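K.L.:
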Amino acid sequence: MKKGTWLDQKIVFQKNGTAEKYIYLLAEVEGEVFLTGTSSLRIAGDFLVVSGLIFKNGYSPAGGVIDFKNGSLESNYCRLTNTSIIDYNPSNAMTDYKWISLYGTHNRVDHCYLKGKTNIGTSLVVWLSTKPNYHQIDSNYFGYRPVFPGNGAETIRIGTSDWSLYDSFTTVEYNYFEQCNGEIEIISNKSCGNN
């Protein structure tokens, strides 16, 4: 994507690469591609990589900011890296949406910067199905989430109470959490087999 500010963009990155040939959506200059307003990103398909985008000073009116699916098509072996979501909140703090939603299998979120979520909804959530996910969440910064008056403001959630007896096999490692005070749980583990 060309450097500059992109307003109200609904990006659908949907394609199938291979293990030998990934398909990339990259910032022309890392740190200089800003998505604002009501911009969002849907990653759907296999072997895709997104890197270098900054979502800032906007909000998502429908769905999450970044979803690893488009409609019913989920992502597998995809990666979100070196991407930021900063102060991307609706005016009503009771509007529930997630910043990043992981679907599919074998996806990775790494070296991302998430700061300033103030509305209800998990910052990053792993959604389960009948098969394990094998996702990897590593080397990210999560910061400055103020206390929210109620449940549903954790930083990372893996699964839901309905899926709590199912395996996810998601790995969470080398992340840095700074003043993530949304609620008592920073990481809510609602599934089995995670590291």
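Residues in the sequence shown are numbered from 1287 upward in steps of one, following the numbering used here. Even glycine gets a Cβ: it sits at the ideal position worked out from N, Cα and C. The model shown is predicted, which means the values in this text are computed figures rather than measured ones.
Can you tell me where the beta strand (DSSP E) with V1335 in it begins and where it stops?
P.N.:
Taking the first residue of the sequence shown as position 1, residue 1335 is located at position 49. Unbroken beta strand (DSSP E) run through V1335: L1334 to S1337.
K.L.:
Tell me the rounded alpha-carbon separation between G1407 and E1306.
P.N.:
Position 121 of the sequence shown holds residue 1407. Position 20 of the sequence shown holds residue 1306. Using only the alpha carbons, I get a separation of about 36 Å.
K.L.:
Which residues mark the beginning and the end of the beta strand (DSSP E) in which V1395 is found?
P.N.:
On the sequence shown, residue 1395 is found 109 positions in, with the first residue counted as 1. Note, V1395: beta strand (DSSP E), R1394 to D1396.
K.L.:
Flag this pair as yes or no: are the beta carbons of N1428 and E1469 separated by less than 8 Å?
P.N.:
By one-based count along the sequence shown, residue 1428 stands at place 142. By one-based count along the sequence shown, residue 1469 stands at place 183. The amino acid at residue 1428 is misidentified as Asn; the sequence shows Phe. No, the pair does not count as a contact, with Cβ atoms beyond the cut-off.
K.L.:
Closest to E1440 by CA distance: which of Y1383, L1293 and L1311 is it?
P.N.:
Along the sequence shown, read from residue 1 onward, the residue named residue 1440 stands at position 154. For E1440, the nearest C-alpha among the options comes from Y1383.
K.L.:
For the stretch 1419-1427 against the stretch 1385-1399, are there 3 or more C-beta pairs whose distance is under 8 Å?
P.N.:
The answer is yes - the stretch 1385-1399 touches the stretch 1419-1427, with three or more Cβ pairs under 8 Å.
K.L.:
Cα separation between F1354 and N1378?
P.N.:
In the sequence shown, the residue the question calls residue 1354 occupies position 68. In the sequence shown, the residue the question calls residue 1378 occupies position 92. Going from the Cα of F1354 to the Cα of N1378 covers about 25 Å.
K.L.:
May I ask you to report which of helix, strand or coil DSSP gives S1370?
P.N.:
The residue you call residue 1370 lines up with position 84 of the sequence shown. In the structure shown, S1370 sits in a strand (DSSP, three-state: E or B).
K.L.:
Who pairs with D1353 in a beta bridge, going by DSSP?
P.N.:
The residue labelled residue 1353 in the question sits at position 67 within the sequence shown. R1328 and S1387, per the DSSP bridge assignment.
K.L.:
Are there 16 or more other CB atoms within 10 angstroms of the CB of L1414, so buried, or fewer, so exposed?
P.N.:
Walking along the sequence shown from the start, residue 1414 turns up at place 128. Flag for L1414 reads buried.
K.L.:
DSSP three-state call for D1294: helix, strand or coil?
P.N.:
The residue you call residue 1294 lines up with position 8 of the sequence shown. Three-state result, D1294: coil.
K.L.:
Quick one: is L1293 buried, meaning 16 or more other Cβ sit within 10 Å of its Cβ, or exposed?
P.N.:
Counting from one through the sequence shown, the residue named residue 1293 turns up at place 7. L1293 comes out exposed.
K.L.:
Roughly how many whole angstroms lie between the Cα atoms of K1476 and T1456?
P.N.:
Here the question's residue 1476 lines up with position 190 in the sequence shown. Here the question's residue 1456 lines up with position 170 in the sequence shown. The straight-line gap from Cα to Cα measures roughly 11 Å.
K.L.:
Take R1328 and list the residues in its own chain whose beta-carbon comes closer than 6 Å to its own, dropping the five residues that flank it on each side.
P.N.:
Working through the sequence shown from its first residue, we reach residue 1328 at position 42. Cβ neighbours of R1328 beyond the five flanking positions: V1298, D1353 and N1356.
K.L.:
In terms of alpha-carbon separation, which member of I1372, G1436, F1333 and T1446 lies closest to L1366?
P.N.:
Translated into positions along the sequence shown, residue 1366 becomes position 80. Among I1372, G1436, F1333 and T1446, the Cα nearest to that of L1366 belongs to F1333.
K.L.:
Indicate whether L1339 and V1319 have their beta-carbon atoms separated by less than 8 Å.
P.N.:
Translated into the one-based positions of the sequence shown, residue 1339 becomes position 53. Translated into the one-based positions of the sequence shown, residue 1319 becomes position 33. In this structure, V1319 lies closer than 8 Å to L1339 by Cβ.
K.L.:
Using C-beta distances below 7 Å, list every residue in its chain close to S1387, excluding the 5 sequence neighbours before and after it, in chain order.
P.N.:
In the sequence shown, residue 1387 corresponds to position 101, counting from 1. Around S1387: G1350, D1353, F1354, V1411 and W1413.
K.L.:
Please classify T1369 as buried or exposed, where buried requires at least 16 other C-beta atoms within 10 Å of its C-beta.
P.N.:
Translated into positions along the sequence shown, residue 1369 becomes position 83. Counting Cβ neighbours within 10 Å, T1369 comes out buried, since at least 16 surround it.
K.L.:
Which residues mark the beginning and the end of the beta strand (DSSP E) in which T1457 is found?
P.N.:
Here residue 1457 refers to the residue found at position 171 of the sequence shown. First-last of the beta strand (DSSP E) with T1457: T1457 to E1459.
K.L.:
Candidates L1451, G1303 and T1324: which alpha carbon is nearest W1489's?
P.N.:
Since the displayed the chain opens at 1287 and closes at 1481, residue 1489 lies outside it and no answer follows.
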